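Those protein sequences? They're chains A and B, same order as listed. So in the working numbering the end of the first sequence lands on 398, straight run, no missing numbers. So in the working numbering the end of the second sequence lands on 340, straight run, no missing numbers. We put the beta carbon where it would ideally sit given N, CA and C, even for glycine. Computed from a predicted structure; not experimentally measured. Input: a single structure, listed below in structure tokens.
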Amino acid sequence: LFSSRDESREVKESLIKIGFIVNPVAGMGGCVGLKGTDGEAYRQAVELGAEPVTPKRAREFLSHITDQKNLTIVTAPRDMGESVLEAFALDFSVVGSLSSTVTSSGDTKKIVKEMLNEDICLLVFVGGDGTARDVHDAVALEKPVMGVPSGVKMFSSVFAVSARAAADMLYAFMKGNAEIGEAEVLDINEEAFRHGKLDIKLYGYLKVPRAKEFMQSSKEPAHAGGSCEENKKAIARYMVQNMTENTLYLLGPGTTTKAIAEELKVRKTLLGIDAIYNGVLVGEDINESGITSLLEKYSAVKILVSPIGGQGFIFGRGNQEFSPKVLRTVGRKNIIVVATRDKIGSLECLRVDTGDAELDRLLGGYIKVLVDYNEEVLLKII
Amino acid sequence: VVIGIIRLDRNEIPYPPPERVIEASKKGLLDVNRYPDPEEADQLRRMLASYSNVEQRCLFLGSGSDSLIVQVLRLFSRRGRVVTVDPTLSFVTRETGDRETKLLKIRISEPYCSLLVRSFADELKDACLIFVDNPNNPTGTLLLDRGSVDELCEIIDGVVLIDEAYYEFSRFTVADMVEEHANLVVVRTMSKAFGLAGLRVGYMIAGEDIAKKFSSQALPYLISKPSIYAATEALRNTAYVMENVRSVLDERERVKEEASKMGVKVYPSQANFLLMRTHEPSLARRLRDYGIVIADLSGQMPPGFARASIGTREENNALLQSLKTLFESDEDLPHLTQ
Numbered sequence: 017l018f019s020s021r022d023e024s025r026e027v028k029e030s031l032i033k034i035g036f037i038v039n040p041v042a043g044m045g046g047c048v049g050l051k052g053t054d055g056e057a058y059r060q061a062v063e064l065g066a067e068p069v070t071p072k073r074a075r076e077f078l079s080h081i082t083d084q085k086n087l088t089i090v091t092a093p094r095d096m097g098e099s100v101l102e103a104f105a106l107d108f109s110v111v112g113s114l115s116s117t118v119t120s121s122g123d124t125k126k127i128v129k130e131m132l133n134e135d136i137c138l139l140v141f142v143g144g145d146g147t148a149r150d151v152h153d154a155v156a157l158e159k160p161v162m163g164v165p166s167g168v169k170m171f172s173s174v175f176a177v178s179a180r181a182a183a184d185m186l187y188a189f190m191k192g193n194a195e196i197g198e199a200e201v202l203d204i205n206e207e208a209f210r211h212g213k214l215d216i217k218l219y220g221y222l223k224v225p226r227a228k229e230f231m232q233s234s235k236e237p238a239h240a241g242g243s244c245e246e247n248k249k250a251i252a253r254y255m256v257q258n259m260t261e262n263t264l265y266l267l268g269p270g271t272t273t274k275a276i277a278e279e280l281k282v283r284k285t286l287l288g289i290d291a292i293y294n295g296v297l298v299g300e301d302i303n304e305s306g307i308t309s310l311l312e313k314y315s316a317v318k319i320l321v322s323p324i325g326g327q328g329f330i331f332g333r334g335n336q337e338f339s340p341k342v343l344r345t346v347g348r349k350n351i352i353v354v355a356t357r358d359k360i361g362s363l364e365c366l367r368v369d370t371g372d373a374e375l376d377r378l379l380g381g382y383i384k385v386l387v388d389y390n391e392e393v394l395l396k397i398i
Numbered sequence: 003v004v005i006g007i008i009r010l011d012r013n014e015i016p017y018p019p020p021e022r023v024i025e026a027s028k029k030g031l032l033d034v035n036r037y038p039d040p041e042e043a044d045q046l047r048r049m050l051a052s053y054s055n056v057e058q059r060c061l062f063l064g065s066g067s068d069s070l071i072v073q074v075l076r077l078f079s080r081r082g083r084v085v086t087v088d089p090t091l092s093f094v095t096r097e098t099g100d101r102e103t104k105l106l107k108i109r110i111s112e113p114y115c116s117l118l119v120r121s122f123a124d125e126l127k128d129a130c131l132i133f134v135d136n137p138n139n140p141t142g143t144l145l146l147d148r149g150s151v152d153e154l155c156e157i158i159d160g161v162v163l164i165d166e167a168y169y170e171f172s173r174f175t176v177a178d179m180v181e182e183h184a185n186l187v188v189v190r191t192m193s194k195a196f197g198l199a200g201l202r203v204g205y206m207i208a209g210e211d212i213a214k215k216f217s218s219q220a221l222p223y224l225i226s227k228p229s230i231y232a233a234t235e236a237l238r239n240t241a242y243v244m245e246n247v248r249s250v251l252d253e254r255e256r257v258k259e260e261a262s263k264m265g266v267k268v269y270p271s272q273a274n275f276l277l278m279r280t281h282e283p284s285l286a287r288r289l290r291d292y293g294i295v296i297a298d299l300s301g302q303m304p305p306g307f308a309r310a311s312i313g314t315r316e317e318n319n320a321l322l323q324s325l326k327t328l329f330e331s332d333e334d335l336p337h338l339t340q
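As structure tokens, this is what we get:
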């Protein structure tokens, strides 16, 4: 055979330094019916007999790292990484310190910052959406990040599907077989959730490694447009060349819409909605009432949105400023959807959840998504 | 190719052609200092026309069906709108004319049963070309029936280009319909069922409009002598082809059944490959650890999809055994059930 399991896992000779941090309390709320483990909820979880979940997940991840000779790990003290790593024959060092026995989100942020100072090239964290938020606060788009899933809620698309898949991705990254994309960090509104409504907010973006397709023969479908960044630029170029004059463009959140603003040499709020008219910024980070005021002023309006990766929502997740009222005024035919090939390729369909069932139904059906220069995919909204 | 790898990623047939075909190909090498004889190429055209039950005048040869698809795309897609399905062959995306050519891909989604032509009439009517691989790669599904092809040819002013690379496995063709529809063109290949992938012999059956334009563009020496000789000999007796196809179809259904029992979602196929889905996002990568290469579909289909060609019984057993071992070792992977 051309490769045994070990041989295929041989990595390049250069040393790879990664950060590894475990949120020891993440996921504990799950089995005892709590929604999270922040602050008081953690004590409640312990009283209810919750067992730590993340150390097991972290061990599972590490157990799949069988070729460690070019890998060095920077980790956090005690049960935020150190105690798990001690059981493995991996090269690691510890940074930072913990003030109390119960770790907090502040510890995660602080230690991740210290890891960045150690010049890591990838950060692996074990936790859930809450941990992803903390990591986001510390890393932003500075370095790529990968989540080993272990939380109660994992709506963000920064997680690998399993500990094993995370280890596979680490190898792909180390061997140069991964490319860097962006993934959303989503944040569930717990108060709304208690009232039976799934209200998910877009918290930010992290850079994530994604596996390149491997060993494709030339006939196979592939990413003809090159890298994700080039793809976004091509979309932006096409969009800008085809923008209608005297039309108000409302640009939703995201890095693809941001690329369009950059092509226009206009500022863009990454997580918010901005308005552009004839190449000039006329509204920055506007909310629903801001949009409504603009709709009164401008008659020709188009909404430009990009779906949330992995889930495919174009409305109702992270852009609730596009309220049912706004969407009804603008109309379906004035909605433009843009997305990179990668993102659209991995989606089954597009989704809407505006909170208005009748409007959701009206928005349904096929819609064109601009995926490259002069190239569209016709995809169903369900 | 490193010896020992089981390649199930290119939709090839696992059986080599019979000795007489290989001998004919060798004969073509003897006076290879000479260009191919046009009469010999014509003979191959005649035989392919007879095999396909069409008139010779509408049949054209190409170096593999890919080259014919690319030629048709380049000839007929300038500055217009090309429509195709998604997923499909990647070079279709790359070869759609110039920057002025607009490409629209219609996403086909589960249960991958058909392309409802009428639902997309508005998108189709001003298209200069539509390309559909039928059966589709990688889903293995026949997306168009004869009625849909009729509709497409009526709706579209431009060219309707159908790839029937897997015709011998699906036994479905619209080649005869080129007589009724001047804008229809069907491409086929001897790379799959005939087992001549390495010799690059493709052919195209074209309606009048396309045939006219194509005749003026055709190059004289498209196929090499060894290829012409081998293809001609292969067509003299096609019994072996049908026998190989039968073995592949039997194996395809066996692999489908066995893999389904393991919790792999396997889609019905009309071709010599199977589309599979599991909760393992890097199935292709993982199988490589066992020396098995299947097609990775990540990035162009939702996570968990992969495509495996049908190999020999031994190769298929190796694939099934590897899937079994892989799933048994992965307790954290919930497998999809039908």
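Query raised in the report: If the cut is a Cβ gap below 7 angstroms, which residues of chain A does P304(B) touch?
Result: Going along chain A in sequence order, the residues near P304(B) (Cβ under 7 angstroms) are S362, L363, E364.
**Report entry** K396(A), DSSP secondary structure in three states
**Finding:** Strand, per DSSP.
Report task. Return helix, strand or coil for L31(B), following the three-state DSSP convention. Result -> The three-state secondary structure of L31(B), taken from DSSP, is helix.
Query - Distance between Y242(B) and P18(B) (C-alpha atoms, nearest Å) - result: Using only the alpha carbons, I get a separation of about 11 angstroms.
Query - Three-pair Cβ contact test at 8 angstroms for the stretch 79 to 99 of chain B versus the stretch 372 to 380 of chain A - result: They do not touch, by the three-pair rule.
Query - Supposed close pair E98(A), T91(A) - CB separation, criterion 8 angstroms - result: Indeed, because the Cβ distance is near 6 angstroms, the residues count as touching under 8 angstroms.
Requested in this report: Below 7 angstroms between beta carbons is the criterion; list the residues of the stretch 174 to 194 of chain A that meet it against any residue of chain B, in chain order.
Outcome: Near chain B, meaning a CB-to-CB distance below 7 angstroms, the residues of the stretch 174 to 194 of chain A are V177, S178, A179, R180, A181, D184.
Query - Span of the beta strand (DSSP E), counted from its first residue to its last, around L16(A) - result: The shown model of chain A, from 17 to 398, leaves out residue 16(A), and the question about it has no answer.
Query raised in the report: For M264(B), which three-state DSSP category applies?
Result: In the three-state DSSP reduction, M264(B) falls in the coil class, being neither helix nor strand.
Report task. Pull out every residue of the stretch 72 to 103 of chain B whose Cβ sits closer than 8 angstroms to any Cβ of chain A, in chain order. Result -> Within the stretch 72 to 103 of chain B, D88, P89, T90, L91, S92, F93, T95, R96, R101, E102, T103 place their CB atoms closer than 8 angstroms to a CB of chain A, listed in sequence order.
Query raised in the report: For S305(A), does the three-state DSSP call read helix, strand or coil?
Result: Residue state, collapsed to three classes: helix.
Query raised in the report: Between K326(B) and the rest of its own chain, which residues show a CB-CB distance below 8 angstroms, the 5 nearest in sequence each way excluded?
Result: Excluding sequence neighbours, K326(B) sits near M264.
Query raised in the report: Which two residues bound the contiguous alpha helix (DSSP H) that contains A43(B)?
Result: Residue range 40 to 54 is occupied by the alpha helix (DSSP H) that includes A43(B).
Query raised in the report: With a Cβ-Cβ cutoff of 8 angstroms, do I37(A) and T124(A) count as a contact?
Result: In this structure, T124(A) lies closer than 8 angstroms to I37(A) by Cβ.
Report task. For my contact list, V142(A) and V164(A) are in at a C-beta cut-off of 8 angstroms; report their separation, rounded to the angstrom. Result -> Approximately 4 angstroms separates the beta-carbon atoms of V142(A) and V164(A); this is inside 8 angstroms, confirming the contact.
Report task. Give the DSSP-derived three-state secondary structure of H239(A) in the structure shown. Result -> Any reading at H239(A) must be qualified, since the residue scores a pLDDT of 42, below 50, and its modelled position is unreliable; the value itself is stated next. Three-state result, H239(A): coil.
Query - Q302(B) burial status per 10 Å Cβ neighbour count (16 or more: buried) - result: Its Cβ being crowded by 16 or more others within 10 Å, Q302(B) is buried.
**Report entry** Proximity below 8 angstroms, CB of D203(A) to CB of K217(A)
**Finding:** Contact flag set, yes.
Query raised in the report: From N35(B), Y231(B), I164(B), S324(B), pick the residue whose C-alpha is nearest to that of S150(B); which is it?
Result: Per the Cα distances, I164(B).
Query - Cross-strand partners of K107(B) (DSSP beta bridge) - result: Looking at the DSSP output, K107(B) sits in a beta bridge with V393(A), T86(B).
Query - Host alpha helix (DSSP H) of L154(B) (start-end) - result: Counting along the chain, the alpha helix (DSSP H) containing L154(B) begins and ends at 148 to 157.
Query raised in the report: If you measure beta-carbon to beta-carbon, which residues of the stretch 118 to 130 of chain B are closer than 8 angstroms to chain A?
Result: Cβ contacts with chain A come from S121, F122, E125.
Query raised in the report: With contact counted as at least three CB pairs below 8 angstroms, one residue from each stretch, are the stretch 53 to 67 of chain B and the stretch 195 to 213 of chain B in contact?
Result: Touching, yes, given that three or more Cβ pairs across the two stretches are closer than 8 angstroms.
Query - R75(A) - DSSP class collapsed to helix/strand/coil - result: Here R75(A) sits in helix by DSSP.
Report task. For G299(A), write down the residues that DSSP places opposite it in a beta bridge. Result -> For G299(A), which the question treats as bridged, DSSP gives the partners A291(A).
Query - Contact set between the stretch 241 to 273 of chain B and chain A, restricted to residues whose Cβ is under 9 angstroms from the partner - result: So the list is empty, because no residue satisfies the distance condition.
Requested in this report: Count the other C-beta atoms from every protein chain shown that fall within 10 angstroms of the C-beta of D135(A), then say buried if there are 16 or more, exposed otherwise.
Outcome: Looking at its Cβ environment, which holds fewer than 16 other Cβ atoms inside 10 Å, D135(A) is exposed.
Query raised in the report: Alpha carbon to alpha carbon, what distance is there between E97(B) and A240(A)?
Result: Residue confidence for A240(A) is low, a pLDDT of 44 falling below 50, so the modelled location carries little weight; the figure read from the coordinates is stated next. The straight-line gap separating the alpha-carbon atoms of A240(A) and E97(B) is approximately 10 angstroms.
Report task. Flag this pair as yes or no: are the beta carbons of A213(B) and V247(B) separated by less than 8 angstroms? Result -> If you check the CB distance, A213(B) and V247(B) do not come in under 8 angstroms.
Query raised in the report: My guess is that R22(B) and E317(B) are in contact by the Cβ rule of under 8 angstroms, so how many angstroms apart are they, rounded?
Result: Contact flag wrong, Cβ pair sits at about 25 angstroms.
**Report entry** Cutoff 8 angstroms: N390(A) Cβ touching any chain B Cβ
**Finding:** Closer than 8 angstroms: yes.
Query raised in the report: Got a sec: is the Cβ-Cβ distance from H281(B) to anything in chain A below 8 angstroms?
Result: Yes - at least one Cβ of chain A is within 8 angstroms of the one on H281(B).
**Report entry** Beta-carbon gap between V257(B) and L276(B) smaller than 8 angstroms
**Finding:** At the C-beta level, V257(B) and L276(B) come within 8 angstroms of one another.
Query raised in the report: Whose C-beta lies closer than 7 angstroms to the C-beta of T370(A) among residues of the same chain, with five residues either side of it excluded?
Result: Contacts found: F331, G332, P340, L343, D376.
Report task. Give me the Cα-Cα distance between A81(A) and R367(A), rounded to the nearest whole angstrom. Result -> Before going further, note that residue 81(A) is Ile rather than Ala in the sequence given. Taking the straight line joining both Cα atoms gives about 37 angstroms.
Query raised in the report: Skipping 5 residues on each side, what residues in its chain have a beta carbon closer than 6 angstroms to that of L101(A)?
Result: Counting only Cβ-Cβ distances below 6 angstroms, and skipping sequence neighbours, we find T91, F108.
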